[in-house]
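To start, the structure itself, in structure tokens.
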Amino acid sequence: MPAYHSQFNEGDFQALGNMSLLPVKTKYRGNAPMADPASEDIIDEAISLFRANCLFRNFEIKGGGDRVLIYLILFISECLQKLNKNTPQGEAFKSLSTLAVSNFAIPGDPAFPLNAMYQAPTDRNQADQLRQYIQQLRQELVLRLVEAVYLDGQPSKWWMCFQKRKFMNLSL
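Position in the sequence shown counted from 1, then plus 2, gives you this note's numbering.
Here is the structure:
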């Protein structure tokens with residue numbers, strides 16, 4: 003059975019390196035285009051496909067949308083590892099928000115785990131734009147992930163059971 007791919011692979015989107023600059027429904031400042039509030043964006047797609055895709059060890063990249071999806075799935079895995087079953091929702095949001103804005107590697111950095119699949123930015127300006135875009139994605143993902151994982155103030159066991167799973171045997 004093949005992995006689920008992004009619906010944003012087809013489309014004319016600006017690229018940073020070979021990652022697509024996809025529209026996002028967000029309140030955070032950044033360079034991502036605004037998405038239609040009534041439609042699904044890449045973050046909704048990553049949250050809905052996470053549990054199915056994290057079971058796969060291989061993932062064939064079909065476009066820039068898949069590269070963004072892979073990054074977001076790896077970040078969701080990192081977020082779930084930071085949580086435990088006793089973490090209150092407010093504290094989880096604070097700790098994951100701190101994680102979202104903490105220093106992180108982008109494609110082309112030696113610490114980035116996916117350098118074989120991602121093209122490095124061509125210049126410093128493009129690297130800054132990519133860092134700003136990824137940070138905006140991370141912040142919005144944390145906001146929506148906490149809402150999805152927590153039911154009645156407690157983390158859902160159907161999310162927490164994926165804490166130890168590694169998508170493609172990688173982590174950020």
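Every residue, glycine too, gets a C-beta built ideally from N, C-alpha and C.
Limits of the unbroken alpha helix (DSSP H) element including residue i
i, result
"Phe77", "Gly66 to Lys84"
"Thr100", "Gln91 to Val103"
"Val151", "Arg126 to Val151"
"Ala48", "Ile44 to Asn55"
"Met162", "Lys159 to Met162"
Supposed contact pair residue j and residue i - C-beta distance, whole angstroms, cut 8 Å
i, j, result
"Met119", "Ile63", "6 Å"
"Ile75", "Ala48", "6 Å"
"Leu147", "Ile78", "6 Å"
"Gly32", "Gln134", "5 Å"
"Ala122", "Gly19", "6 Å"
"Val26", "Gln138", "7 Å"
"Ile45", "Leu143", "5 Å"
Proximity below 8 Å, CB of residue i to CB of residue j
i, j, result
"Ala102", "Gln141", "yes"
"Leu24", "Ala34", "yes"
"Phe57", "Arg167", "Residue identity differs from the one stated: residue 57 is Leu in this sequence, not Phe. Contact flag set, yes."
"Phe164", "Leu98", "no"
Residues that DSSP places opposite residue i in a beta bridge
i, result
"Gln9", "None, per the DSSP bridge assignment."
"Ala17", "Ser22"
"Met36", "Val26"
Proximity test, Cβ basis, 8 Å: residue i and chain C
i, result
"Asn33", "Within the model displayed, chain C is absent; a lone protein chain is all it includes."
Quiz item: Any chance the stretch 115-135 sits against the stretch 82-99, with 3 or more Cβ pairs inside 8 Å?
Solution: no
Quiz item: Would you call the stretch 7-17 and the stretch 105-113 in contact, with 3 or more CB pairs under 8 Å?
Solution: no
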